Every structure is written in structure tokens, then in C-alpha cells.
Amino acid sequence: MLKYAIAIGFVFVSFAGSQFAMADDHAGMKTEHEAAHRQHDEWAAEHAKWRADHMRALSIMAKLQARIYEHEAELIEHDEEIRAHDDHAMHHSNEIATHEEHGHAHDHDELKKEHDDFNSKHKKMAAKHDKVKAGHEELHSMLMKLFEAMKEKK
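So for the sequence shown, the numbering used here puts the first residue at 1035; every next one is plus one.
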């Protein structure tokens, strides 16, 4: 009987010991799960921040694209002004040639006034061209800096 009692005691002690060992294992597993869950929460928070950053970056890119379109529209308008101004210059040159052939003093005064108007408009166009050029150079410089920064990151 003693033999059986020792065997049962051994089984009980072994069982109890394994229960304590399993409890320690389970506690460790729970701790690891909790740590992993906290890390997952941190990752999700980072992802949310990064996604918001991406949306802001896309918004900035849309504004940049709009600025490029606006600059292109300015170029189209300025090109038309240049074409019309050139046409006016050609017309004025023809009027001067006609006046030189058989003009009167009165015609000369009118030609002089038209020429002064032409020069005034030309100066305004030159100022506009300088503004368009400065805008282009600023925009192009920003784009090239961005492009160079992107190349450096590869």
C-alpha cells in the first residue's frame, strides 16, 4: 500500500508541478499577447498618421498641379497678346510706309499718337513677361528641388 501511496503522491506532485509550470507558461503567453496587441495598436496609429500625411501630400500635389495649369494658362494668354501686338506693329509699320509715300502732317500726328500707344502697351507687356518669367522660374525651381530630393532618396 505504501508503494501505491508513494506512486499516487508522485503522480499528484508531478501533476501539481506541471499545473504550476503550465500556469507559468500561460502567464508568459498572455504577457506576450498583450505586448503584441500594444505593438499592433502602435502600428495602427502610425499607419493612420502616415495615411493622413499621404492625403496631405496628395493635396499639395494637386495644388502644385493647379499652379502649373494656371501658369500654362498665363503663357497661352501672353502668347496671344504677343501675337496681337506683333500684328499691330506690322499694321503700324505699313501705315508709316504709306504715310512716307504721300502723307500729310495731320496723318503724322495720328501715327505718332498710335506709336506712343504702341510703346506704352509694349512696356506693359514687357512687365507682364517679366512677371510670367519670374513665376516660371520659381515654379520650375521648386519642381526641380523636389525632383532632386526624390532622386537622392532612391
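All C-beta atoms in this analysis are idealised placements derived from N, C-alpha and C, irrespective of residue type, glycine included. It should be emphasised that the depicted structure is a prediction, and the values quoted were computed from it without experimental measurement.
Remark: fewer than three beta-carbon pairs, one from each stretch, lie closer than 8 Å, so the region 1104–1112 and the region 1140–1156 are not flagged as touching. Look at G1137 here: in three-state DSSP terms it is coil, with no helix or strand label. With respect to L1145, E1135 sits apart: the two C-beta atoms are not nearer than 8 Å. Sequence-distant partners of L1173 (beyond 5 residues in either direction) whose C-beta falls short of 8 Å from its own C-beta, in its chain, are R1101, I1102 and H1105. Contact between the region 1163–1178 and the region 1083–1090 is absent: fewer than three C-beta pairs spanning the two stretches fall below 8 Å.
Contact between H1119 and M1159 is confirmed by a C-beta separation of about 6 Å, below the 8 Å threshold.
A direct Cα-Cα distance of roughly 48 Å separates A1079 from D1164. Between A1082 and A1091, the alpha-carbon positions lie close to 14 Å from each other. Between H1133 and D1141 a beta carbon distance of about 5 Å is seen, short of the 8 Å cut, so the two are scored as contacting.
If you draw a straight line from the Cα of D1075 to the Cα of M1063, it is about 18 Å long.
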